[in-house]
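Numbering that gives the first Met the number 0 puts the first residue of the sequence shown at 0, with every later residue one more than the last. Accompanying notes for the structure given below.
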Amino acid sequence: MVEKQGLSARQLLEGVYNSFKDELDGREVKLPSKAMAEIANDSDWHRTRVGYTGYETAVLLKIGGKEWVISFGTACGSYPADPYDCDIAAVPISTNGKSDEEIAKEIHEALEKGSYFRNSLIYAMADGQLAISKGGRFGSKVLELLRPRVQEFIAQKLEIDSRYFTMDLRPVVKSAVRYKPEFIAFLFDIFRSVLAA
Numbered sequence: 000m001v002e003k004q005g006l007s008a009r010q011l012l013e014g015v016y017n018s019f020k021d022e023l024d025g026r027e028v029k030l031p032s033k034a035m036a037e038i039a040n041d042s043d044w045h046r047t048r049v050g051y052t053g054y055e056t057a058v059l060l061k062i063g064g065k066e067w068v069i070s071f072g073t074a075c076g077s078y079p080a081d082p083y084d085c086d087i088a089a090v091p092i093s094t095n096g097k098s099d100e101e102i103a104k105e106i107h108e109a110l111e112k113g114s115y116f117r118n119s120l121i122y123a124m125a126d127g128q129l130a131i132s133k134g135g136r137f138g139s140k141v142l143e144l145l146r147p148r149v150q151e152f153i154a155q156k157l158e159i160d161s162r163y164f165t166m167d168l169r170p171v172v173k174s175a176v177r178y179k180p181e182f183i184a185f186l187f188d189i190f191r192s193v194l195a196a
C-alpha cells in the first residue's frame, strides 16, 4: 500500500488549533458538556435530522488586546453532517471577575450560537476540501488573505470517481485532499492577524 503524502484536513486544522494553544500560551478549558452548533438540517414535519459541529474544549487567549476563545469542532449528529468534517471557531469573550465554571458555561453558550459556521475561521469538508463561510464573522478577511496562496499548500488534489455517487448524490471520493505540513503555520499566521485586527 502506498503511504499518503501530506496532512488530512483534520490533521491540518488540529495542528492550527494546537498552535494557538502552544505558541500563544493559551489556557485550555474543558467545556461542561459538548457544545453543539447546528450546521445542517434535513428535518420535516414527521422527523428531525440535524447535523452539528461539536466542541469539547476551547483555548482562552489574548490576541491584539482582546480576549478570544478558539475551539476545534468535529461533525456529529445525524446524516446531514456527513459532508462535513471539522472546523476552527473563534468567539470574543470577557473573563473579568468570572469563575472558571462561569467562563466554561459562557464559552459553551457562545459556541452553540455559531450555527452554520458563523463563527468559524475555516472548516473542512469530508473530502478534505477547505471552506470559508462568506457570511460568517471572519469569512471575507480570511478569504482575501488565503485565496492568493492556498494552491501552494496542496500536497494531493481531490480525486473522485464520477461513475458512482453516494445516496445524497455526492461523488465517491477516491482520494481526499491532503496538505503540506507548512500550511499549519501559514493558517495560524492568517488567523492570528484576522483576530488581532
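The beta-carbon is built from N, C-alpha and C at its ideal position, and this holds for glycine as well.
About 5 Å separates the CB atoms of glycine 113 and alanine 88; that is less than 8 Å, so the two are in contact.
Distance check between alanine 195 and each of Leu157, Thr73, Ala103 and Val68 places Val68 closest, using alpha-carbon atoms only. Under the three-state reduction of DSSP output, serine 7 falls in the coil class, being neither helix nor strand. Alanine 103 sits away from valine 149, with the two beta carbons spaced by 9 Å or more.
A contact between stretches requires three or more CB pairs, one per stretch, nearer than 8 Å, and the segment 172-192 meets this requirement with the segment 149-160.
The beta carbon of isoleucine 92 sits closer than 8 Å to those of Leu59, Glu66, Trp67, Val68, Ile102, Glu105, Ile106 and Ala109, all from its chain and outside the five residues before and after it, given in chain order.
According to the DSSP assignment, glutamate 66 belongs to the beta strand (DSSP E) that extends over 65-76. According to the DSSP assignment, serine 192 belongs to the alpha helix (DSSP H) that extends over 182-195. Put simply, of Thr73, Tyr51 and Cys75 the residue whose alpha carbon is nearest the alpha carbon of isoleucine 38 is Tyr51. With contacts defined as CB atoms closer than 9 Å, valine 15 and isoleucine 153 fail to qualify as a contacting pair. Annotation: the segment 8-57 contains the following complete segments of the alpha helix (DSSP H) (minimum length 4 residues), in chain order: 8-22. Leucine 30 and lysine 61 have their C-alpha atoms spaced approximately 19 Å apart. Assignment of lysine 173 by DSSP, reduced to helix, strand and coil, places it in the strand class. Residue environment analysis places proline 180 among the exposed positions, since fewer than 16 neighbouring C-beta atoms fall within 10 angstroms of its C-beta. The beta-carbon distance between leucine 142 and lysine 133, rounded to whole angstroms, is 7 Å. This is short enough to meet the 8 Å contact definition. Under the three-state reduction of DSSP output, aspartate 86 falls in the strand class.
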